[in-house]
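A.B. asks:
Spelled out as structure tokens, the structure:
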């Protein structure tokens, strides 16, 4: 199992070099490289050249850490065709960057919009038709997650689409913070992990509240029909997730993929948050 850290807490406050050494200081061997403006920004073309890649590889070696995966986010399923084409260009460059960094796994979201699911599915499949040959040529694996607001929000929807793509190297990310979107507020983690089965390759750890609780009044949004989605990425134990069941199921499944600390809520106290998460993840996964 690879125990990784998503360094979102440091994407604005630390340089790439500083971030790498900070993650090593926090006690992680692996970095899940999420979007940052000076490397692979959200929805924009990667801002990296061979010189920067060489520097990053040097820093990683000196710090004694490795990349578990590269996480790009682009509008590859968006309803706008020009944006989709730009996203495919961005993906192709991001794949090149992954190859140059000796990263063999990329993980991402389905993207698009929950309000135009049919169009977005068509766009996503079109993008995959263009990108699957590139992934296969370069030997890069892909993990995908359903995400609140995307055209696929549910665990079943994500599994169905991954199976529809029918490639052994495309597998599932289960983001714990999205649990109550995955099954419409029920939060039955055991059932969803059983459904995922051997597709499960990657788990993002963070707590969250059930947005469906209190008769749907856990969060009050005005006007009531506003098109928004709400969730959190909190430390384990601060929300409504049943972590006892989650950890038990992962141990029963002999999960051996990537386990990522994906808490984003505490950029004002990242070291404290990391210490809490590292301890609880190791205990729960039987790594301590």
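Numbering (this note's numbering), first residue to last: 7 to 294.
In this text, a Cβ means the ideal position worked out from N, Cα and C, and glycines have one as well.
1. Alpha carbon to alpha carbon, how far is residue 217 from residue 173?
2. Given that a residue counts as buried once 16 or more other Cβ atoms are within 10 Å of its Cβ, and exposed if not, what is residue 214?
3. Inspect the CB distances between the stretch 193-204 and the stretch 221-230 and report whether three or more fall short of 8 Å.
4. Rounded to a whole number of angstroms, what is the C-alpha to C-alpha distance between residue 161 and residue 126?
5. Please name the residue, chosen from 140, 131, 107, that lies closest to residue 95 on a Cα-to-Cα basis.
6. Which same chain residues end up closer than 6 Å to residue 23 when comparing Cβ atoms and leaving out the 5 residues on each side of it in sequence?
7. Could you check which residue in 35, 176, 164 has the C-alpha nearest to that of residue 201?
8. Is it true that the stretch 130-137 meets the stretch 47-62, where meeting means three or more beta-carbon pairs spaced less than 8 Å apart?
9. Could you check what DSSP says for residue 266 in three-state terms: helix, strand or coil?
10. Does the separation of the CB atoms of residue 81 and residue 119 fall below 7 Å?
11. Check whether the Cβ atoms of residue 71 and residue 101 lie closer than 7 Å to each other.
12. What first and last residue would you give for the beta strand (DSSP E) that runs through residue 77?
C.D. replies: Reading from the atomic positions:
1. Mapped onto the chain shown, residue 217 falls at position 211. Mapped onto the chain shown, residue 173 falls at position 167. Their backbone Cα atoms lie some 34 Å apart in a straight line.
2. Translated into positions along the chain shown, residue 214 becomes position 208. A residue is called buried once 16 or more other Cβ atoms fall within 10 Å of its Cβ, and residue 214 is buried on that count.
3. These segments do not touch.
4. Indexing the chain shown from 1 puts residue 161 at position 155. Indexing the chain shown from 1 puts residue 126 at position 120. If I take the Cα positions, the gap works out to 17 Å.
5. If you number the chain shown from 1, residue 95 lands on position 89. With distances taken between Cα atoms, residue 95 lies closest to 140.
6. Taking the first residue of the chain shown as 1, we reach residue 23 at position 17. Correct list, in chain order: 65.
7. For the purposes of this step, residue 201 is taken as residue 195 along the chain shown, with counting starting at 1. With respect to the C-alpha of residue 201, the residue from 35, 176, 164 having the closest C-alpha is 164.
8. The stretch 130-137, when compared against the stretch 47-62, does not touch it at the 8 Å Cβ threshold.
9. In the chain shown, counting from the first residue as 1, residue 266 sits at position 260. Here residue 266 sits in strand by DSSP.
10. On the chain shown, residue 81 is found 75 positions in, with the first residue counted as 1. On the chain shown, residue 119 is found 113 positions in, with the first residue counted as 1. Taking the C-beta atoms as reference points, residue 119 is found no nearer than 7 Å to residue 81.
11. Within the chain shown, residue 71 is the residue found at index 65, counting from 1. Within the chain shown, residue 101 is the residue found at index 95, counting from 1. One thing to note: residue 71 has its Cβ no nearer than 7 Å to the Cβ of residue 101.
12. Taking the chain shown and counting its residues from 1, the one referred to as residue 77 is at position 71. Residue 77: not part of any beta strand (DSSP E); DSSP gives it neither H nor E.
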